[in-house]
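In the order they appear, the protein sequences are chains E and P.
In our numbering, each residue carries its 1-based index in the first sequence increased by 671.
In our numbering, each residue carries its 1-based index in the second sequence increased by 671.
Positions of the beta carbon are idealized from the N, C-alpha and C atoms, including for glycine.
Number of protein chains: 2
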Amino acid sequence: MNWKERFPQFEPGLIELIEKEAVQRSFNAGDVIMRTGQYIKSTALVLEGRVKIYRENQDGGEFLMYYLLPGQACAVSMICAIQTHTSEVMAVAEEDSEVLMIPVHLMDDMMNQYKTWYQFVIQTYRNRFDELLSVVDNIAFRNMDERLEFYLKRYAEKTGKKSMDISHQQIADDLNSSREVISRLLKKMEQRNLVKLHRNMIELT
Amino acid sequence: MNWKERFPQFEPGLIELIEKEAVQRSFNAGDVIMRTGQYIKSTALVLEGRVKIYRENQDGGEFLMYYLLPGQACAVSMICAIQTHTSEVMAVAEEDSEVLMIPVHLMDDMMNQYKTWYQFVIQTYRNRFDELLSVVDNIAFRNMDERLEFYLKRYAEKTGKKSMDISHQQIADDLNSSREVISRLLKKMEQRNLVKLHRNMIELT
DNA sequence: TTCCGGGGGTGACAGAAATCACAGCGGGTA
DNA sequence: TACCCGCTGTGATTTCTGTCACCCCCGGAA
Numbered sequence: 672m673n674w675k676e677r678f679p680q681f682e683p684g685l686i687e688l689i690e691k692e693a694v695q696r697s698f699n700a701g702d703v704i705m706r707t708g709q710y711i712k713s714t715a716l717v718l719e720g721r722v723k724i725y726r727e728n729q730d731g732g733e734f735l736m737y738y739l740l741p742g743q744a745c746a747v748s749m750i751c752a753i754q755t756h757t758s759e760v761m762a763v764a765e766e767d768s769e770v771l772m773i774p775v776h777l778m779d780d781m782m783n784q785y786k787t788w789y790q791f792v793i794q795t796y797r798n799r800f801d802e803l804l805s806v807v808d809n810i811a812f813r814n815m816d817e818r819l820e821f822y823l824k825r826y827a828e829k830t831g832k833k834s835m836d837i838s839h840q841q842i843a844d845d846l847n848s849s850r851e852v853i854s855r856l857l858k859k860m861e862q863r864n865l866v867k868l869h870r871n872m873i874e875l876t
Numbered sequence: 672m673n674w675k676e677r678f679p680q681f682e683p684g685l686i687e688l689i690e691k692e693a694v695q696r697s698f699n700a701g702d703v704i705m706r707t708g709q710y711i712k713s714t715a716l717v718l719e720g721r722v723k724i725y726r727e728n729q730d731g732g733e734f735l736m737y738y739l740l741p742g743q744a745c746a747v748s749m750i751c752a753i754q755t756h757t758s759e760v761m762a763v764a765e766e767d768s769e770v771l772m773i774p775v776h777l778m779d780d781m782m783n784q785y786k787t788w789y790q791f792v793i794q795t796y797r798n799r800f801d802e803l804l805s806v807v808d809n810i811a812f813r814n815m816d817e818r819l820e821f822y823l824k825r826y827a828e829k830t831g832k833k834s835m836d837i838s839h840q841q842i843a844d845d846l847n848s849s850r851e852v853i854s855r856l857l858k859k860m861e862q863r864n865l866v867k868l869h870r871n872m873i874e875l876t
């Protein structure tokens, strides 16, 4: 699939510029696309696959904030590009993914010259901001059992799948919890007929 | 103080437009400037005082996200203005405050016509996004004792004061915790010589 | 002065979650 | 086949936090 079909709203001049200056990169499932603290040279637009954005702390803890789907962009890379120049988050490919990398030095001109780009950036800020607000809701107001349900439900929404190939340990990492807690909560959910548990796979019902 | 001195970066045409269309409003300490779910008619720029932005949940819980100081604006009111049309947060004046209200129907034109406004909006998104990231850090990775320390330290930074006129109950509300927990943690901080406790007042040392 | 309500201290307890310990199971590899 | 390692289940224990009960203290109002 051609990348342009992911961004039909872009105007011709912008498409031409991106065509000339941007680089398309492929990542395998599990690859780290961007590390916390890494110098940011490009803004990333997702073309195919699915990317998870994590917040990390010093002690090796990590916390899944949200997903990026095809047609979406990393708001953080747009922000960091101009402010701090190093990434505040980690981006990981959850599936094999295609990503379009646009050098940050072009951002200013693109914002000024191409209205469709400007609208895209504003829209990206808005969507990610909204998403961050619901992340705050979850960790500020909800217990782990509700956060786990939200986690599974969101996965189903984002992927359209009703089964998840994932270990309890990975879920615990995403929620910054521990494997035992997640196992126990999943068992309770199974007793309530919300899920069926298998090895390395969870069926959502 | 004239409002223009708070926004020296604005260009003449923009100042003229704001002068003509915006309304300046005064709030007393404790006044609610905007409620969750309220229809948004204006974008708010803070001229004087200090405004606290809260996220609320259905059960009456609230959670302080960040402060707005003079010269800053509510990113949420910019976002909601166009997307959902109702506020996702609550804004409360912590001190007597002056706020400039700009009707949202002007936003589109202002973004297009006035580069200094556009830059201001982008900058606002960035700052609030960064602030939200550190909020996520705190509640995702830190225990209540560290969150309390962050809360006090941030207050000192934002106000430049080294004493806080506030009850333990109000702190508990801001952190979505309970009065007893905050009292106990403050006592421990006092034993470590980080604070001195008084009635309705905390001295930061 | 007395009364009363809000602020603050403290112990007892309950529930959520993290941690430790250990056992069974399954799938891949030597 | 035998082995190993990662995934899962489960009990015991501890820590953190929220909740309940009850106390005293202060300051303003009557």
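Next on the checklist: Using the three-state DSSP reduction, which class does Gln695(P) fall into: helix, strand or coil?
Outcome noted: DSSP places Gln695(P) in strand when its eight states are reduced to three.
Checklist entry - What are the boundary residues of the alpha helix (DSSP H) that includes Met672(P)? => result No alpha helix (DSSP H) contains Met672(P), which DSSP labels as neither H nor E.
Item to check | Neighbour flag for Phe800(P) against chain E, beta carbons, 7 Å | outcome: The beta carbon of Phe800(P) sits closer than 7 Å to some beta carbon of chain E.
Checklist entry - Quick one: is Ser805(P) buried, meaning 16 or more other Cβ sit within 10 Å of its Cβ, or exposed? => result Residue burial is scored here from C-beta neighbours: Ser805(P) has fewer than 16 other C-beta atoms within 10 angstroms and is therefore classed as exposed.
Item to check | Cut-off 8 Å between Cβ atoms - residues of its own chain near Gly684(E), not counting five sequence neighbours on either side | outcome: In the same chain as Gly684(E), and ignoring 5 residues on each side of it, the C-beta atoms closer than 8 Å to its own belong to Gln784, Tyr785, in chain order.
Item to check | Per-residue DSSP class, three states only, for Thr876(P) | outcome: coil
Checklist entry - Touch check for the segment 787–798 of chain P and the segment 690–697 of chain P: three-plus C-beta pairs under 8 Å? => result no
Next on the checklist: Please report the distance separating the alpha-carbon of Arg850(P) from that of Ala764(E).
Outcome noted: 43 Å
Checklist entry - When you compare only the Cα positions, how much space is there between Met741(E) and Glu766(E)? => result Note on residue identity: the sequence assigns Pro, not Met, to residue 741(E). Rounded to the nearest angstrom, the two C-alpha atoms are 12 Å apart.
Checklist entry - Listed from N- to C-terminal order along the chain, which residues in the segment 842–867 of chain E have their beta-carbon within a distance smaller than 7 Å of any beta-carbon of chain P? => result Asn847
Item to check | Closest Cα partner of Arg726(P) within the set Arg677(P), Arg818(P), Arg706(P), Pro679(P) | outcome: Arg706(P)
Item to check | Top-ranked residue by Cα proximity to Val792(P), from Val807(P), Asp808(P), Ile773(P), Ile810(P) | outcome: Comparing Cα-Cα distances from Val792(P) to each of Val807(P), Asp808(P), Ile773(P), Ile810(P), the minimum goes to Ile773(P).
Next on the checklist: Relative to the C-alpha of Gly708(P), which candidate in Ser748(P), Glu828(P), Val722(P) has its C-alpha closest?
Outcome noted: Ser748(P)
Checklist entry - What does Tyr725(E) touch in chain P if you count any residue whose Cβ is under 8 Å from its own? => result In chain order: nothing, as chain P lies at least about 10 Å away.
Checklist entry - Nearest-angstrom Cα distance between Leu771(P) and Gln841(E)? => result Spanning the alpha carbons of Leu771(P) and Gln841(E) requires a straight line of approximately 47 Å.
Checklist entry - Along the segment 795–827 of chain P, what residues have a CB closer than 8 Å to any CB found in chain E? => result Answer set for the segment 795–827 of chain P: Tyr796, Arg797, Arg799, Phe800, Asp801, Leu803, Leu804, Val806, Val807, Asp808, Ile810, Ala811, Phe812.
Checklist entry - With C-beta atoms as the reference, is Glu769(E) less than 7 Å away from Ser697(E)? => result With contacts defined by Cβ atoms closer than 7 Å, Glu769(E) and Ser697(E) form a contacting pair.
Checklist entry - Does DSSP classify Tyr785(P) as helix, strand or coil? => result In the three-state reduction of the DSSP assignment, Tyr785(P) falls in the coil class.
Next on the checklist: With a threshold of 7 Å between beta carbons, is Glu682(E) in contact with chain P?
Outcome noted: Glu682(E) has a beta carbon lying at 7 Å or more from every beta carbon in chain P.
Next on the checklist: Determine whether the beta carbon atoms of Thr787(P) and Phe681(P) lie at a separation below 7 Å.
Outcome noted: yes
Checklist entry - Which whole-angstrom value is the C-beta distance of Ile853(P) and Leu819(P), which I expect to be below 8 Å? => result 7 Å
Checklist entry - For the alpha helix (DSSP H) that contains Leu819(E), what are its first and last residues? => result 815–830
Checklist entry - Based on the DSSP output, what are the partners of Val717(E) in its beta bridges? => result Val770(E)
Checklist entry - Over what stretch of residues does the alpha helix (DSSP H) that includes His839(E) continue unbroken? => result For His839(E), the enclosing alpha helix (DSSP H) covers residues 839–845.
Next on the checklist: In this structure, how does DSSP classify His869(P) when only helix, strand and coil are distinguished?
Outcome noted: strand
Checklist entry - Any Cβ of chain E within less than 7 Å of the Cβ of Ile750(P)? => result yes
Checklist entry - Does the Cβ of Asn864(E) have 16 or more other Cβ atoms within 10 Å, making it buried, or fewer, making it exposed? => result Result: exposed.
Checklist entry - What does Met736(P) touch in chain E if you count any residue whose Cβ is under 8 Å from its own? => result Val807
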